[in-house]
Every structure is written in structure tokens, then in C-alpha cells.
Ligand code: NAD
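Numbering (our numbering), first residue to last: 2 to 253.
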């Protein structure tokens, strides 16, 4: 895609699912990729898949809730590949399900820390480095749960609404300085996260799929296409947007 080739990308949560598919897509388009995740085995596997397709990637074991780790990821991009053009803040967890009145505090804190504070720490670290290197584009993973309410998922829903708010704010602050900031809102995507949810609550998952007009789960590669497009020059006037990629789930 236009403008991706020879760029440097960071992808968090890149050991699995949407993150892995997006890291691979950046590499296929000719970017050098820093693969960041707490899961070292999965991260090394992503790198090896990229390398066997002829791409270039490096793994950093990093927890998105740890300021020093987030700094190391950005430093790795600069030291290994000479800059930072694109960042995909994608690491996230679904958390445990419970109604709002019965939410355990530790579940609330964990989901908010990873899904919301993790994105904030990423933006805070990536923006100054992009400013030093002539600008860039950032995408963070929200969800249709950033737009709608879902029962028993209050921390997840709150965290994803928060990602959309952070995205709008950073876009207002930095679009004039050459950094476009967007979010992507996936519907139900065929990843290990959804496989876990399916196992725990098959009925809700069946109902969710039935409510998707396109009639199937999305594939991680379909989110990767949207993310890499948002980072490309083809999206040069798109900023502050939360792009819904959900097979029509949220329109009815
Ligand atoms: P996944 O479980 O397959 O992948 C998530 C990755 O994040 C894993 O590799 C995991 O190790 C990593 N991770 C978790 N906590 C981390 C931390 N503290 N630091 C660094 N890495 C961490 O899930 P996925 O479906 O690919 O989800 C990716 C993103 O997409 C998440 O933000 C999720 O909320 C969002 N999302 C997924 C769906 C879906 O249907 N799959 C829908 C909407 C939004």
C-alpha cells in the first residue's frame, strides 16, 4: 500500500490474532516491524513467519502496562530500524464476565490497565519519537464495544470507549504536526480471544454471529487490511476516525 514500504512499524499484541496478522501485512507491504507482546513464544513465531515470507521483523518481550517496556519497544524501532513511522496499539484482553454490580475490582483494573492505559502509554511514547522523525500514523484497537453497550463486559466496554476518546484527543493535538491518529473497531473476529469466549459462553457467541449481517466471523487479515490502509498515504486525510470493520454488526 502507498507509503508503507520502507517504513518502520510497531505492533503490540503481535503474538496472536489481529496483531500477528497486521504485523505480517506490514511486512508484506515492505515495512520493518517491531513485534511486541508479553508472549515470547508467539512473538518469535510471528517473527519467524515474517522472515520466512522474506520480511524483516524483531521481537521485543513487552508488557503494554509497563512504562519501561513501552519505552524499550520504541527504542528498538529507532535503534534497529532507524525511526518510527507507524504504530498499532492493539494488545488487549477480554477480561472476565460479570454484571456491573458484581464486577470484581481486580478484573476492572486489569482490563482498564491493559486495554486503555496500555494504549495511552503507547501514544505517549510514540508521539515524541514520531515528531522527531518527521511524523507518522498511529492506529489503536477499539472495538464495536467502543460504540455500543454489551452486558457483563463493563470494563471491556469502558476501556474501548476510552480508546476512541484517546484517539480523538491525540488526533486533535497532533494531526497538524504530521501524525494521524485513528482507531479500528472490529466486530467479531476469528482469533484465539473469540475461541475462548466461544468456549465460555457458546450461546452468546452464536447470537452475536447471527447478528452479523455478512453472516460469518471476520478474519484477522480483514482487520490488518484496514489498519495498514489507515497508516498508508491512501488515508492521508483520515484522522481521529474510528473505522468500523464488523460485517455490519453495529448498523442494525
Ligand atoms: P488475542 O488474544 O488473539 O491476541 C491478543 C494479544 O495481546 C496476545 O498475543 C496477548 O499475549 C497480547 N497481550 C495481552 N496482554 C498484553 C500485555 N499486557 N502486554 C502486551 N501484550 C499483551 O486477541 P485478538 O482477538 O487478536 O485481540 C486483539 C485486539 O483486538 C484486542 O485489543 C481486542 O480487544 C480487540 N478486539 C478483538 C475482537 C475479536 O473479535 N477478536 C473484536 C474487537 C476488538
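Even for Gly, the Cβ is constructed at its ideal location relative to N, Cα and C.
Tell me which same chain residues have a C-beta within less than 6 Å of the C-beta of residue 220, skipping the five on either side of it? Correct list, in chain order: 191.
Would you report the Cα separation of residue 187 and residue 245, rounded to the nearest angstrom? 6 Å
Give me the Cα-Cα distance between residue 239 and residue 183, rounded to the nearest whole angstrom. Residue 239 and residue 183 have their C-alpha atoms roughly 8 Å apart.
Can you tell me whether DSSP reads residue 276 as helix, strand or coil? Only positions 2 to 253 of the chain appear in the structure, and residue 276 is not among them; the question remains open.
beta-carbon residue 74 near the ligand NAD non-hydrogen atom, thresh 6 Å: no
Return the CA-CA distance between residue 71 and residue 123, expressed in angstroms with no decimal places. In a straight line, the C-alpha of residue 71 is about 6 Å away from that of residue 123.
C-beta atoms of residue 143 and residue 157 nearer than 7 Å: no
May I ask which residues mark the beginning and end of the alpha helix (DSSP H) holding residue 165? 155–175
Would the region 31–43 and the region 60–67 be scored as touching if the rule is three or more Cβ pairs under 8 Å? Inter-segment contact for the region 31–43 and the region 60–67 is present: three or more beta-carbon pairs are separated by less than 8 Å.
Any heavy atom of the ligand NAD closer than 6 Å to the CB of residue 144? Yes.
Can you pull the DSSP bridge partners for residue 129? Paired residue(s): none; residue 129 is not in a bridge.
Between residue 56 and residue 28, is the Cβ-Cβ spacing less than 7 Å? Going by beta carbons, residue 56 and residue 28 fall inside the 7 Å limit.
Do residue 228 and residue 185 have their C-beta atoms closer together than 7 Å? yes
Beta-carbon gap between residue 117 and residue 163 smaller than 7 Å: yes
Buried or exposed: where does residue 215 fall if 16 or more other Cβ atoms within 10 Å of its Cβ makes it buried? exposed
Hey, would you say residue 11 sits closer than 7 Å to residue 78, going by beta carbons? Contact flag set, yes.
Contact set for residue 54: own chain, Cβ-Cβ below 8 Å, skip 5 residues either direction: For residue 54, the CB contacts under 8 Å within the same chain, skipping 5 residues up- and downstream, are 25, 28, 29 in chain order.
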